[in-house]
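Student:
Protein chains: 2
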Amino acid sequence: MSLDLRKLMILQAIIDDYVMTAMPVGSRTVSKHSGLNLSSATIRNEMFDLKELGLLEQPHTSSGSMPSEKAYRLYVNRLMQKSNLNSDEIEHISKHYSKKINGVEDVVKQTALVLSQMTNYMSMIITPHLNDAELRRIQIIPVTDDKALLVIVSDVGLLRDAIIKVPSEISEHELDRISEMLTNALSGKKLSEISNSYMPDLFKELGERRESLEFINKLGENLKKASKSTKQEVETYGAKNLLSFPEYSDIEVAKNLLDALEQRDMIYALLSNATDLEFSIKIGSEIEDPKLTNCSIVTATYSIGGRPLGSMGVLGPTRMNYSRVLAILSHIGKSLSEILNQMYLDTD
Amino acid sequence: MSLDLRKLMILQAIIDDYVMTAMPVGSRTVSKHSGLNLSSATIRNEMFDLKELGLLEQPHTSSGSMPSEKAYRLYVNRLMQKSNLNSDEIEHISKHYSKKINGVEDVVKQTALVLSQMTNYMSMIITPHLNDAELRRIQIIPVTDDKALLVIVSDVGLLRDAIIKVPSEISEHELDRISEMLTNALSGKKLSEISNSYMPDLFKELGERRESLEFINKLGENLKKASKSTKQEVETYGAKNLLSFPEYSDIEVAKNLLDALEQRDMIYALLSNATDLEFSIKIGSEIEDPKLTNCSIVTATYSIGGRPLGSMGVLGPTRMNYSRVLAILSHIGKSLSEILNQMYLDTD
DNA sequence: ATTAGCACTCAACGCCATAGAGTGCTAATA
DNA sequence: TATTAGCACTCTATGGCGTTGAGTGCTAAT
Chain A
112 MSLDLRKLMI
122 LQAIIDDYVM
132 TAMPVGSRTV
142 SKHSGLNLSS
152 ATIRNEMFDL
162 KELGLLEQPH
172 TSSGSMPSEK
182 AYRLYVNRLM
192 QKSNLNSDEI
202 EHISKHYSKK
212 INGVEDVVKQ
222 TALVLSQMTN
232 YMSMIITPHL
242 NDAELRRIQI
252 IPVTDDKALL
262 VIVSDVGLLR
272 DAIIKVPSEI
282 SEHELDRISE
292 MLTNALSGKK
302 LSEISNSYMP
312 DLFKELGERR
322 ESLEFINKLG
332 ENLKKASKST
342 KQEVETYGAK
352 NLLSFPEYSD
362 IEVAKNLLDA
372 LEQRDMIYAL
382 LSNATDLEFS
392 IKIGSEIEDP
402 KLTNCSIVTA
412 TYSIGGRPLG
422 SMGVLGPTRM
432 NYSRVLAILS
442 HIGKSLSEIL
452 NQMYLDTD
Chain B
112 MSLDLRKLMI
122 LQAIIDDYVM
132 TAMPVGSRTV
142 SKHSGLNLSS
152 ATIRNEMFDL
162 KELGLLEQPH
172 TSSGSMPSEK
182 AYRLYVNRLM
192 QKSNLNSDEI
202 EHISKHYSKK
212 INGVEDVVKQ
222 TALVLSQMTN
232 YMSMIITPHL
242 NDAELRRIQI
252 IPVTDDKALL
262 VIVSDVGLLR
272 DAIIKVPSEI
282 SEHELDRISE
292 MLTNALSGKK
302 LSEISNSYMP
312 DLFKELGERR
322 ESLEFINKLG
332 ENLKKASKST
342 KQEVETYGAK
352 NLLSFPEYSD
362 IEVAKNLLDA
372 LEQRDMIYAL
382 LSNATDLEFS
392 IKIGSEIEDP
402 KLTNCSIVTA
412 TYSIGGRPLG
422 SMGVLGPTRM
432 NYSRVLAILS
442 HIGKSLSEIL
452 NQMYLDTD
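Chains as they are written, first to last, in the working numbering: chain A, 112 to 459; chain B, 112 to 459.
1. Note down the Cα distance separating B/L167 from B/S360, rounded to an integer number of angstroms.
2. If you compare alpha carbons, which of B/L269, B/S391 and B/I154 is closest to A/L260?
3. Under 7 Å between the Cβ atoms of A/S174 and A/G165?
4. How many whole angstroms separate the CB atoms of A/I237 and A/T222, which I take to be in contact at a CB cut-off of 8 Å?
5. Which two residues bound the contiguous beta strand (DSSP E) that contains A/Y348?
6. Can you tell me whether A/T429 is buried or exposed? The criterion is at least 16 other CB atoms within 10 Å of its CB, across all chains shown.
7. DSSP has B/P401 in a bridge; who is on the other side?
8. Extract the residue ranges of the beta strand (DSSP E) inside the segment 253-288 of chain A, only unbroken runs of 3 or more that lie entirely within it.
9. At a CB-CB cut-off below 9 Å, which residues of chain A make contact with B/T222?
10. By Cβ distance, which residues of its chain are closer than 7 Å to B/I443, with the 5 residues on each side in sequence left out?
11. Give a yes or no on whether the C-beta atoms belonging to A/P253 and A/E291 are separated by under 7 Å.
12. Under 8 Å Cβ-Cβ, which residues of chain A neighbour B/A365?
13. What is the DSSP secondary structure of A/E245, reduced to helix, strand or coil?
14. List the residues of chain A that B/K351 touches, going by C-beta distances under 7 Å, in chain order.
15. From A/D266 to B/K258, what does the alpha carbon distance come to, in whole angstroms?
16. Between the Cα of A/I439 and the Cα atoms of A/S194, A/S113, A/F326 and A/F159, which residue gives the shortest distance?
17. Ordered along the chain, which non-local residues of its own chain (more than five positions away) have a Cβ less than 8 Å from that of A/Y379?
18. Closest to A/A244 by CA distance: which of A/M233, A/I201, A/N231 and A/L297 is it?
19. Along chain B, which residues have their Cβ under 8 Å away from the Cβ of A/V436?
20. Along chain B, in chain order, which residues have C-beta atoms closer than 9 Å to that of A/D266?
21. Just how far apart, CA to CA, sit B/V409 and A/S391?
22. Should A/Q250 be labelled buried (16 or more other beta-carbon atoms within 10 Å of its own) or exposed?
23. Return no unless some Cβ of chain B is closer than 7 Å to the Cβ of A/L451.
24. Should A/D272 be flagged as near chain B, meaning a C-beta pair shorter than 7 Å?
25. Look at the Cβ atom of B/G349, then the Cβ atom of B/M233, and state whether they are nearer than 7 Å.
26. Below 8 Å CB to CB, which residues in the same chain sit around B/D115 once its five sequence neighbours on both sides are set aside?
27. With a CB to CB cut of under 7 Å and the five nearest residues on each side skipped, what residues in its chain are close to A/N352?
28. Under a three-way DSSP split, which group does A/L388 fall into?
29. Counting only Cβ pairs nearer than 7 Å, list the residues of chain B close to A/M454.
30. If contact is defined by three or more beta carbon pairs under 8 Å, each pair taking one atom from either stretch, is the segment 388-404 of chain A in contact with the segment 148-164 of chain A?
31. Please look up how many angstroms separate the CB atoms of A/I275 and A/Y186, rounded, as I've assumed it's under 8 Å.
32. Which residues, in chain order, does the segment 410-436 of chain B contribute to contact with chain A at a C-beta distance below 8 Å?
33. Any beta carbon from chain B within less than 7 Å of A/Q250's own beta carbon?
34. Mapping DSSP to helix, strand and coil, what is A/K210?
35. Report the neighbours of B/R247 on chain A: residues whose CB is nearer than 9 Å to its CB, in chain order.
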């Protein structure tokens, strides 16, 4: 028995209905809504076949059917039609981005917010990873007589800052000199390239004065530490949206889910795994986390100057509206990339 | 009828029991657990009185009683005994703070985490407000030929940073000079004092060269903007803990609650209202938010160099273990203040 | 003042009958 | 041969009903 066009149309009708209602769909409903002008009996026969093909599941005999994970996968790959946002929705997005925004963190938060608002699912986003950004300058700014602020600046702005101790015998002028040397040595390199390899020579040169040797060593440690901590952070929003869905209406299920979703590492992994593709869709068990049963995740990357910098996504029940989510992600992704470009690269 | 010692002891027994079980407490239970050696009948008479005093409530006739908000208030004010943490718990806290920590944000997040872990309620914390910090230096660091990073540094480290546009005719050397002038003019002041009053003179001085006038104006705007945005942020942790409590086991109730708790402004208000007292306890309707029925909030302030900088707190059901929460908040508050002191003020 | 005793209340639970949505099969139909 | 009408069957959901048991509130005895 083959998966002919009619079967696909019936499957599509069932998915459409189930996505709306979360209730098993009966043959009579399909007969009415599918537009195929077939009796419920005929639909029943087809549904029986779809069941055998592993595309439909029944909670129990004599109940309607619901799509299997396999069905959603098939839907996403072959059936789904591209959907578009209406002008209200587009406006809603641009409104969010036209507010005054202070720095990357703010943009990222706004994005998480609007993403969850528009989809009614939970949104997640990781801040841009700046390990590939080019170092421009390293500056040690005195703060008190025994402390200074180490600032690492790249072509996209502030990368890292850390408080370091400075022996009082080192003058402000000397700090400037050290800053300059560090800048000369490391400028143009990437953050990830500040490593042991560059250090020894540099520090021999810097460490010529005995009394500041210890300070120079500490400084080196600090630089290395700063370059290692990736500092990519995860924002989520709208976890409570998930509680509205009947699939999580059992308090125990909901608790487990929220439990899992509070583990930032896990979400970080989910998002960072998918940075190479423009979009990624994981359905149910394709997310290899047993705690996230009945969930799907759709992610998209955002970029600056064409270079992917991070990713964002949406988590909802497997019966999510994939088409709409993709449209929203696509649009927001573009807006976000634009904003980031304006912040960093534009020259007007 | 007066509230004599015996009634108080009975009330205490009921509260103790109810805090544990969340189930209405019957007279027989009190008779057994109160240590008063009274029959259930006697207890019943006393409980009747406590009911008339508004300290006990019954879900329905012929069920046991539970403490009213008034009862919790009385308990907190008069009955509660100070509790102490055991050595395991103290160790658990210090372990969290002995990890490598990168900057204030990290400390704050760790605090939220440990607070929620130890109490099993939801934790909330606001980042230190640094408006009273003393400005030390303002530095404009070139990034590309038309952009620079504006960095505002105080005695406690980095305060603000922002990308600003720089006309290409302004040389790096000139930026240094401007930085120096700004530093001279504003150093020693507080962030909140960067206002129009200081600006005109300063900018007349800076703006002597015609071509850079526009840039100087923009710089002024940026400084003002940076000084205004308070940038105090709210972290919460463990919202899902609340789902474990039977008072929120109804999915609708839980949804409403989580809904409310996702509004950062509201939590910010809750926390910042209570920065003048070392501890603050709000029980039920004392939190004037209709969405937070059945909730109590305990907050504490943390400080640096004796000056209160922010506050943190715990949100849970009204039947929370106030005594334990206070002990935990007290200990964590001390640890947090110590850490912040080490980060900023220590001179070793 | 305290307590034993007892009738009364009320939620919780299990049981059962019923209704209704939906299937799966068979026989009739185009 | 594909489709459909018809019907028995399955299973869940719902509501009514009696029972159970925890707990009160009152009264009379101690």
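Where is the CB? At the ideal position from N, CA and C, for every residue including glycine.
Everything numeric in this text was worked out from a predicted model, so none of it was measured.
Tutor: Walking through what the data contain:
1. By 1-based counting over the second sequence, the position of residue 167 of chain B is 56. By 1-based counting over the second sequence, the position of residue 360 of chain B is 249. In this structure, the CA atom of B/L167 is about 23 Å from the CA atom of B/S360.
2. Along the first sequence, read from residue 1 onward, the residue named residue 260 of chain A stands at position 149. Cα-wise, what sits closest to A/L260 is B/L269.
3. Working through the first sequence from its first residue, we reach residue 174 of chain A at position 63. Working through the first sequence from its first residue, we reach residue 165 of chain A at position 54. Using a Cβ distance threshold of 7 Å, A/S174 and A/G165 do not count as a contacting pair.
4. Start at 1 with the first residue of the first sequence, and residue 237 of chain A comes out as number 126. Start at 1 with the first residue of the first sequence, and residue 222 of chain A comes out as number 111. The beta-carbon separation of A/I237 and A/T222, rounded to 11 Å, does not stay under the 8 Å limit for a contact.
5. Counted from its first residue, the first sequence places residue 348 of chain A at position 237. Looking at the DSSP string, the run of the beta strand (DSSP E) that includes A/Y348 is V345 to Y348.
6. Within the first sequence, residue 429 of chain A is the residue found at index 318, counting from 1. Classification of A/T429: buried, given that the 10 Å Cβ count is 16 or more.
7. The residue you call residue 401 of chain B lines up with position 290 of the second sequence. Under the DSSP definition of a beta bridge, B/P401 lacks any partner.
8. Entirely contained in the segment 253-288 of chain A, the beta strand (DSSP E) runs reaching 3 residues are, in chain order, 258-265 and 268-276.
9. For the purposes of this step, residue 222 of chain B is taken as residue 111 along the second sequence, with counting starting at 1. Here the premise fails: no neighbours, minimum Cβ distance about 16 Å.
10. Residue numbering aside, residue 443 of chain B sits at position 332 when the second sequence is read from its first letter. I204, T222, V225 and L226.
11. Position 142 of the first sequence holds residue 253 of chain A. Position 180 of the first sequence holds residue 291 of chain A. No, the Cβ-Cβ distance between A/P253 and A/E291 is not below 7 Å.
12. Taking the first residue of the second sequence as 1, we reach residue 365 of chain B at position 254. Chain A residues near B/A365: L354, I362 and A365.
13. As a position in the first sequence, residue 245 of chain A is number 134, starting the count at 1. In the structure shown, A/E245 sits in a strand (DSSP, three-state: E or B).
14. As a working mapping, residue 351 of chain B is identified with position 240 in the second sequence. Residues of chain A passing the Cβ test: K366, L369, D370 and E373.
15. Locating residue 266 of chain A in the first sequence gives position 155, counting from the first residue. Locating residue 258 of chain B in the second sequence gives position 147, counting from the first residue. Near 9 Å, if we compare the C-alpha coordinates of B/K258 and A/D266.
16. Your numbering for residue 439 of chain A matches position 328 in the first sequence. The candidate whose alpha carbon is nearest that of A/I439 is A/S194.
17. Locating residue 379 of chain A in the first sequence gives position 268, counting from the first residue. The answer, listed in chain order, is I237, Q343 and V345.
18. Numbered from 1 along the first sequence, position 133 holds the residue referred to as residue 244 of chain A. Closest option to A/A244, Cα to Cα, is A/L297.
19. Here the question's residue 436 of chain A lines up with position 325 in the first sequence. Correct list: empty, because the minimum Cβ distance to chain B is about 20 Å.
20. Numbered from 1 along the first sequence, position 155 holds the residue referred to as residue 266 of chain A. Residues of chain B with a Cβ closer than 9 Å to the Cβ of A/D266 are, in chain order, V254, T255 and K258.
21. Looking up residue 409 of chain B in the second sequence gives position 298. Looking up residue 391 of chain A in the first sequence gives position 280. One C-alpha to the other measures close to 43 Å.
22. Position 139 of the first sequence, counting from 1, holds the residue named residue 250 of chain A. With 16 or more other Cβ atoms within 10 Å, it is buried.
23. Taking the first residue of the first sequence as position 1, residue 451 of chain A is located at position 340. Closer than 7 Å: no.
24. Here residue 272 of chain A corresponds to residue number 161 of the first sequence, with the count starting at 1. With 7 Å as the cut-off, A/D272 counts as an interface residue toward chain B.
25. Counting from 1 along the second sequence, the entry for residue 349 of chain B is found at position 238. Counting from 1 along the second sequence, the entry for residue 233 of chain B is found at position 122. Yes, Cβ-Cβ distance for B/G349 and B/M233 is below 7 Å.
26. Residue numbering aside, residue 115 of chain B sits at position 4 when the second sequence is read from its first letter. Spatial neighbours of B/D115 in its own chain (CB-CB distance under 8 Å, excluding positions within 5 residues in sequence) are not present.
27. For this step, residue 352 of chain A is matched to residue 241 along the first sequence. Taken in chain order, the residues that qualify are S227, N231, Y232 and M233.
28. As a position in the first sequence, residue 388 of chain A is number 277, starting the count at 1. Of the three classes helix, strand and coil, the one that applies to A/L388 here is coil, per DSSP.
29. Within the first sequence, residue 454 of chain A is the residue found at index 343, counting from 1. Ordered by position in chain B, the residues that pass the 7 Å Cβ test against A/M454 are I274.
30. No, they do not touch.
31. One-based indexing of the first sequence puts residue 275 of chain A at position 164. One-based indexing of the first sequence puts residue 186 of chain A at position 75. Not a contact, Cβ separation roughly 56 Å.
32. Sequence-ordered contacts of the segment 410-436 of chain B with chain A are nonexistent [C-beta pairs closer than 8 Å].
33. Taking the first residue of the first sequence as position 1, residue 250 of chain A is located at position 139. Chain B contact via Cβ: present.
34. The residue given as residue 210 of chain A occupies position 99 in the first sequence. Three-state result, A/K210: coil.
35. Position 136 of the second sequence, counted from the start, is the residue given in the question as residue 247 of chain B. Chain order gives the chain A residues near B/R247 as I252, P253, V254, T255 and L260, where near means a beta carbon separation below 9 Å.
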